[in-house]
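Engineer:
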Amino acid sequence: MNRKVIYKQLLSAVLWMLSISIVTAVHASNMLEDISFASIPGDKIQVTLKFSEAAVEPGSFTIDSPARISLDFPDTGVALKNKRQTIGIGLARSITAVSAGNRTRVVLNLTSLTKYSTAVEGNKVVVTLDEANTSASTASLSHNAIENIDFRLGEEGEGNVVIYFNKQPESVNLKQQGDRLVLDIKDASLPGNLERRLDVTDFKTPVTFVDTFSKGQNTKMVVETRGEFDHLGYQAGNTFVIEVKELTKAQKKAKEKAKFGYTGERLSLNFQDIEVRAVLQLIADFTGKNMVTSDTVTGSITLRLKNVPWDQALAIILKTKGLGMREEGNVMRVAPAEELAAIEKQELEAKKQIAELLPLVTETIQLQFVTASQVETLLKQSRQQSLTGVRGRGGRGGRGSYNTDTVNPDNPDDEEGASYFSSRGTIMSDDRTNKIIIRDTARNIAQLRKLIEEIDTPTKQVLIDSRIVAASDTFNKEMGLSWNFGSIDNNGTIKTPGSALPGSSNITQTAKGGVDLGAAQKNLLGVTFALLNSDYLVDLEISASQIEGSGEVISSPRVVTTNGKRAIIKAGDEVPYQTTSQNGTQTEFKEAVLSLEVTPLIIPGDKVNMDLIIKKDQVSSDVRTGIGQAPSIQTRSIETSVLVDNGDTVVLGGIFEHTKATLKDSVPILGDIPVIGAAFRVNSRKDDKKELLIFITPKIMNENLTVR
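Spelled out as structure tokens, the structure:
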């Protein structure tokens, strides 16, 4: 009876698969028959897709992380022997063709995104990758804009969020984060009227809210959901659709079963004091699986299990009796856990002994972006850590061997125990040719090649563009008077102190008195008064000064450095000064420079974290010391750590100085007299402003040393 049921099930499955293939063949009028690729001049890669009938221009879009180019062909099926092929030329890693319904998607997996073009030639579609223009999609592809965002109710109750672009979008990334869907659209602007929230709860779909907002030159959309759902994102021309559909009861049940962990068909067992071997035989008959039970499995068990998955029942029985199970192909082997562990240990020892007899081969690996000595040091450190770890676990009987290649010669795909080194392997580096020389088993060398490919990658570089702006605004105003008094001799000459009168041998002390309350900056206006019929003069000098000035000094140091490496740039003078010691007077030098010291670190999301030390020194004035004049140096510096988006400018900080002073210098008593006291005092006013601002802009550069 069981066999009849099995035959019926097999027959229905075959008929179902046959019907699916017939339906697919009916709907897919064109078939993808062949994929070929080649490297062509000009650092370009050409991928040719051959179809059974005339080809059509595919819809395409790109993803930045991981770097992919997707081509969609409507009304097309797949007739390839291998749906996934490895390319391994330049930036192209592999290509995959997937068919769903009557549509085929071809995905090109790249190491980094690059410019590409598609051309239809009869029954062929030629995709050309331009390696010479490798850059992020935001730099290599022209700008896009969103024209409208709409929400539609599907025929089966699903919610469709439809985004309309002015042209075909190039980089759209849809991912699920908990109970929400997040859509990142690179290099796409969003009009202000579309930066809003759509409330679509009344449609009774899993979608509740759709929030769309700008993020720099990009656009981000967050779709809020409720309940359990499945989603699909697809592109058709200038339109991108997010389809969100509620799970059916069967899908929910399958999801709960997968979450439960046991997926077997349910059964019921109710036995008292039954032999374990008999219970195992019942489970084998129920499932139709091949089972081998060890002779050491003995004892009996009492159990009552109702409507539980058979794999859960088997796990409970094995755990209760201290048994273990290993499944090899379609055969299950049941034995005590200790016995299985002993067998596996013996197999492992046998594999290790076989590995120790494997022949050694010598190969060289050419490095491009890192030095051979660095890779050698890194691999030897890894080897030493592996040695320490094995010794910490007890090693292998004190023999000191470690990381032995334990691959099964009969099964090269067996990853159990595979390692990068064998105990007989050696590593050497040649910096002259920048090659690594490895002698080891072929398996380990293949593993090392994969590891070195991951290490030997170009390191991104960062351009640090800084601007240091020093602005000043000065104002000085002074006003004062100078009074001078004198007398005139008979010849009309102004007498000075100590001059002798004519015809007299006596020296008359005719003083030339004066009060000087003039400005320091002498811009004089003189007026002389004389008393008629008198020998006395009064000289009045009015001095006034007003100085206004403004200045701006912009310094722009720039430096390019490798990610994670410190860079320093300086420009300025070394100022000499003298010092004295037991050896006499010596001349030493002190730097008065503009310097920028930066250590950038690129983090995911095109952000740059920078440790910065910026100094701006200048020679101020000379000061007197015990051995002469020495220059004083005015210094301004800032030391900080900031996180900035690629290409954005941040103001690190600044120093603002405002000097404001009023000075009054007067003759005692006379200077305090109202009105006329102004003739016996000088007034000065000073108002100076100085400001220093520092701007920093980091720019990540691609492998071709162009800023993006």
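First residue of the sequence shown? That's 0 in numbering that gives the first Met the number 0, and the numbers climb one at a time after it. From the three backbone atoms N, C-alpha and C, an ideal C-beta is built for every residue, glycine too.
1. Measuring alpha carbon to alpha carbon, tell me which residue in Arg382, Phe36 and Phe208 is nearest Arg423.
2. Quick one, are the C-beta atoms of Ile282 and Ile300 less than 8 angstroms apart?
3. What are the uninterrupted segments assigned as alpha helix (DSSP H) that are 4 or more residues long and contained completely in the stretch 139-218, given in chain order?
4. From Phe679, Gly156 and Asp686, pick the residue whose C-alpha is nearest to that of Leu669; which is it?
5. For Ser555, which residues in the same chain have their Cβ closer than 8 angstroms to its Cβ, ignoring the five residues on either side in sequence?
6. Distance, Cα to Cα, Asn101 vs Gln175?
7. So, for Asn147: in the same chain, excluding its five sequence neighbours on each side, which residues have a beta-carbon less than 6 angstroms away from its beta-carbon?
8. Can you list, in chain order, the residues of its chain whose CB lies under 8 angstroms from that of Val333, leaving out five sequence neighbours each side?
9. Extract the residue ranges of the beta strand (DSSP E) inside the stretch 568-655, only unbroken runs of 3 or more that lie entirely within it.
10. In terms of residues, what are the limits of the beta strand (DSSP E) holding Glu362?
11. Does the count of Cβ pairs from the stretch 679-693 and the stretch 659-667 closer than 8 angstroms reach three?
12. Using the beta-carbon count (16 or more within 10 Å), is Asn29 buried or exposed?
13. Could you pull out every residue in the same chain whose Cβ sits closer than 8 angstroms to the Cβ of Ala622, ignoring the five residues on either side in sequence?
14. Glu245 and Gly226: beta carbons closer than 8 angstroms?
15. With a cut-off of 8 angstroms on the beta carbons, I'd call Ser594 and Lys569 a contact; round off their distance for me.
16. Is the beta carbon of Thr211 sitting closer than 8 angstroms to the one on Thr218?
17. Do Phe60 and Val171 come within 8 angstroms of each other at the CB atom, strictly closer than that value?
18. Going straight from the alpha carbon of Asn443 to that of Ser421, what length do you get?
19. Are the beta-carbon atoms belonging to Ile454 and Glu375 less than 8 angstroms from one another?
20. Looking at Leu31: is its Cβ nearer than 8 angstroms to the Cβ of Ala96?
21. Tell me the residue span of the beta strand (DSSP E) that contains Ala91.
22. One question on the structure: do Met609 and Val641 come within less than 8 angstroms of each other, judged by their Cβ atoms?
23. Once the 5 residues before and after Val77 are set aside, which same chain residues still bring their CB inside 6 angstroms of it?
24. Once the 5 residues before and after Thr458 are set aside, which same chain residues still bring their CB inside 6 angstroms of it?
25. Could you name the residues that DSSP lists as bridge partners for Asn682?
26. Run through the DSSP bridge pairs and tell me what Gly58 is partnered with.
27. Using the three-state DSSP reduction, which class does Leu48 fall into: helix, strand or coil?
28. Could you tell me which of Ile602, Ile601 and Val597 sits nearest to Ile612, measuring between CA atoms?
29. If you draw a straight line from the alpha carbon of Lys689 to that of Ile654, how long is it in whole angstroms?
30. Skipping 5 residues on each side, what residues in its chain have a beta carbon closer than 8 angstroms to that of Lys82?
31. Can you grab the Cα-Cα spacing for the pair Ile68 / Ile62, in whole Å?
32. Out of curiosity, what's the CA-to-CA distance linking Val650 and Lys698?
33. Check Lys80 in the structure and name its three-state DSSP category.
34. Rounded to a whole number of angstroms, what is the C-alpha to C-alpha distance between Ser400 and Arg565?
35. Just checking, does the stretch 180-200 make contact with the stretch 264-280 on the three C-beta pairs under 8 angstroms criterion?
36. If I measure Cβ to Cβ from Ile86 and keep anything under 7 angstroms in the same chain, skipping five residues before and after, which residues do I get?
Structural biologist: According to the data block:
1. Nearest C-alpha to Arg423: Arg382.
2. No. Outside cutoff.
3. none
4. Phe679
5. Counting only residues of its own chain and dropping the five nearest sequence neighbours on each side, Ser555 has a CB closer than 8 angstroms to the CB of Asp464, Ser465, Arg466 and Ile467.
6. 26 angstroms
7. Tyr163
8. Leu279, Met290, Val291, Thr292, Ser293, Val296, Leu317, Leu322, Gly323 and Met324
9. 583-602, 606-624 and 627-644
10. Val360 to Gln365
11. yes
12. buried
13. Just to set this straight, residue 622 is Val in the shown sequence, not Ala. Cβ within range, chain order: Gln628, Ala629, Pro630 and Ser631.
14. Yes, Cβ-Cβ distance for Glu245 and Gly226 is below 8 angstroms.
15. 4 angstroms
16. Yes, Cβ-Cβ distance for Thr211 and Thr218 is below 8 angstroms.
17. yes
18. 7 angstroms
19. Not closer than 8 angstroms, so no.
20. yes
21. Ala91: member of the beta strand (DSSP E) spanning Ala91 to Ala99, first to last residue.
22. Cβ atoms of Met609 and Val641: closer than 8 angstroms.
23. Leu31, Ala96, Ser98 and Thr103
24. Thr561 and Asn562
25. Met478 and Lys663
26. Asp71
27. Judged by DSSP in its simplified three-state form, Leu48 adopts strand.
28. Val597
29. 8 angstroms
30. Thr95, Ala96 and Val97
31. In this model, Ile68 and Ile62 are separated by some 7 angstroms (Cα to Cα).
32. 15 angstroms
33. coil
34. The predicted position of Ser400 is uncertain, since its pLDDT is 35 and thus under 50; no value can be drawn from it.
35. no
36. Phe36, Arg92, Ser93 and Ile94
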